[in-house]
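What follows is one structure encoded as structure tokens, with my remarks underneath.
Numbering (full-length UniProt numbering), first residue to last: 1 to 441.
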């Protein structure tokens, strides 16, 4: 971020506002906007911050009703200005009504805001309300913060580690208690409850619980009327968060505690994909190369078991493995589940993960999958010129599997990686856990 520090300039950011559920007086679960939390550490609603870059001073702007006595009977006593100053590492605290006076005193030539409509409008409103004159730059701050957030401090890694540990325990609880006939919504609720028992009280995203054919739907939403079929696989993609830092874990297991022959084959392929990628992870590696490596492993295995037919290089060149694996290998993770630089679609942003080598203290997910989605398979197997790539008789033996995904959260270290996910993923480990708790059916 290039700034002419000979001229007065400030950073302005507004945190997330409090919201209530429709026709109630009760607030929705609050979760701070990630960039604001990164800059301030404040996980409370309705705050703003102004940073005087030239003088290196931080001004925290508290909501006007911070000391509203009428709220005491409804929400309890609020924190006062002195307590706020002690809690947060800032130089001064002002009320929201004092923003115009503060900016008039600082008299900045430029105000840096994030590149989004809300922050820009907020800054423009400041100009209008105080008859102030300054330029608004909504380009540089986002790039600077994205670069800063891409590699993590040790305390950030520790928060992610704790979130992953509590979430791993919750995944084990689901393996232990899952039974045929349960609803997917039941398992989703059980995951949240188990996370809370392990000190993880918020979810990084709503749990994905998908069983049988629904496991091939990447973002399937569990419903109370969707029961887990007998002899099916259950895919659970879920992770809690600790102090706004998330985890992202997927495990797939057999509802009755033992993998069928076909399920064992499919699961072993996905596990091999992940292990091969993990064995290569270290600083300097390009994520795009890891994605290609996972596809190569998948293609070879699908040819080996007879689902795909033909030359492996030709199959990959024609993107045939995409019939079974249609998402990215993973993404960065931190304050956002799909964190800065790690979006799953192509981008012209220079911070995009595929365009740069891995670095120490980057946190990533590694999540290969193999799916038998009927809609996707129909497109590929019926596409002109592609029919000969598929052995439909063998493919039919695996269609009922639905899908398998195995996802771990890892941090890149100086000479490799550390796996922050502790939930078991070996077949014998999963079956041993489930054998102990699954009743005989």
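Note that CB positions come from ideal geometry on N, CA and C, so glycine has one too. Bear in mind that the values here come from a model prediction, so they are computed numbers and not experimental data.
{"Check": "Taking buried to mean at least 16 other C-beta atoms within 10 Å of its own C-beta, is residue 193 buried or exposed?", "Outcome": "exposed"}
{"Check": "Run through the UniProt domain \"Aminopeptidase P N-terminal\" (3 to 122) for me and flag every whole alpha helix (DSSP H) of 4 or more residues, listed as ranges in chain order.", "Outcome": "34 to 40, 72 to 75, 81 to 87, 99 to 106"}
{"Check": "With which residues is residue 417 paired in a DSSP beta bridge?", "Outcome": "412"}
{"Check": "Select from 191, 381, 282, 202 the residue whose C-alpha is nearest the C-alpha of residue 396.", "Outcome": "381"}
{"Check": "Output the distance between the C-alpha atoms of residue 16 and residue 90, rounded to the nearest integer angstrom.", "Outcome": "19 Å"}
{"Check": "Would you mind stating whether residue 367 and residue 330 have Cβ atoms separated by less than 8 Å?", "Outcome": "yes"}
{"Check": "Three-state secondary structure (DSSP) at residue 254?", "Outcome": "strand"}
{"Check": "If I measure Cβ to Cβ from residue 350 and keep anything under 6 Å in the same chain, skipping five residues before and after, which residues do I get?", "Outcome": "Interpretation of residue 350 is limited by its pLDDT of 40, a score under 50 that renders its predicted location unreliable; no figure is taken from the coordinates."}
{"Check": "From this set, 373, 175, 361, which residue's C-alpha is nearest residue 325's C-alpha?", "Outcome": "373"}
{"Check": "I'd like the span of the alpha helix (DSSP H) that includes residue 276, first residue to last.", "Outcome": "261 to 280"}
{"Check": "Who are residue 237's beta bridge partners in DSSP?", "Outcome": "208, 250"}
{"Check": "So what's residue 310 in DSSP terms, helix, strand or just coil?", "Outcome": "coil"}
{"Check": "Buried or exposed: residue 348, going by 16 or more other Cβ atoms within 10 Å of its Cβ?", "Outcome": "Unreliable positioning characterises residue 348 in this predicted model, as indicated by a pLDDT of 46, which lies under 50. The coordinate reading is nonetheless provided below. With fewer than 16 Cβ atoms within 10 Å of its Cβ, residue 348 is classed as exposed."}
{"Check": "Figure out for me which residue from 335, 254, 410 has the closest Cα to the Cα of residue 432.", "Outcome": "254"}
{"Check": "Since residue 328 and residue 292 are thought to touch, with beta carbons under 8 Å apart, how far apart are those beta carbons, to the nearest angstrom?", "Outcome": "So it is not a contact: roughly 12 Å between Cβ atoms."}
{"Check": "Can you name the residues that DSSP bridges to residue 407?", "Outcome": "250"}
{"Check": "So, using beta-carbon positions, are residue 167 and residue 195 closer together than 8 Å?", "Outcome": "yes"}
{"Check": "Answer yes or no: do residue 122 and residue 96 have a C-beta to C-beta separation smaller than 8 Å?", "Outcome": "no"}
{"Check": "Might you give, ordered along the chain, the residues of its own chain that have their beta carbon closer than 6 Å to the beta carbon of residue 48, omitting 5 neighbours on each side?", "Outcome": "14, 61"}
{"Check": "Can you find the residues in the same chain that come closer than 6 Å, C-beta to C-beta, to residue 302, ignoring five residues on each side of it along the sequence?", "Outcome": "308"}
{"Check": "DSSP puts residue 370 in a beta bridge; with which residues?", "Outcome": "404"}
{"Check": "Can you tell me where the alpha helix (DSSP H) holding residue 135 begins and where it ends?", "Outcome": "Taken as a continuous stretch (DSSP letters only), residue 135 belongs to no alpha helix (DSSP H), being part of the beta strand (DSSP E) at 135 to 137."}
{"Check": "Can you list, in chain order, the residues of its chain whose CB lies under 7 Å from that of residue 175, leaving out five sequence neighbours each side?", "Outcome": "253, 430, 433, 434"}
{"Check": "Tell me the DSSP secondary structure of residue 357 in three-state form.", "Outcome": "strand"}
{"Check": "Does the stretch 254 to 274 touch the stretch 225 to 234, meaning 3 or more C-beta pairs lie closer than 8 Å?", "Outcome": "yes"}
{"Check": "Helix, strand or coil for residue 186, going by three-state DSSP, please let me know.", "Outcome": "helix"}
{"Check": "Would you decide whether residue 344 is buried or exposed? Buried here means 16 or more other CB atoms lie within 10 Å of its CB.", "Outcome": "Because the pLDDT of residue 344 is 42, which lies under 50, any placement of that residue in the model is unreliable, and the number read from its coordinates should be weighed accordingly. It counts as exposed."}
{"Check": "Leaving aside the five residues before and after residue 5 along the sequence, list all residues of the same chain whose C-beta is less than 7 Å from its C-beta, in chain order.", "Outcome": "53, 54"}
{"Check": "In this structure, does DSSP put residue 152 in helix, strand or coil?", "Outcome": "coil"}
{"Check": "Could you check whether the stretch 144 to 158 touches the stretch 92 to 111, counting it as contact only if at least three pairs of C-beta atoms, one from each stretch, sit closer than 8 Å?", "Outcome": "no"}
{"Check": "Classify residue 139 as buried or exposed, calling it buried when 16 or more other Cβ atoms lie within 10 Å of its own Cβ.", "Outcome": "exposed"}
{"Check": "Going by DSSP in three states, residue 218 sits in which element: helix, strand or coil?", "Outcome": "coil"}
{"Check": "Below 8 Å between beta carbons: does that hold for residue 417 and residue 278?", "Outcome": "yes"}
{"Check": "Comparing alpha-carbon positions, which option in 71, 400, 191, 425 lies nearest residue 407?", "Outcome": "425"}
{"Check": "Just curious, the alpha helix (DSSP H) that residue 425 is in, first and last residue?", "Outcome": "Run containing residue 425: none; DSSP gives neither H nor E here."}
{"Check": "Give me the residue from 153, 341, 109, 229 with the minimum Cα distance to residue 38.", "Outcome": "153"}
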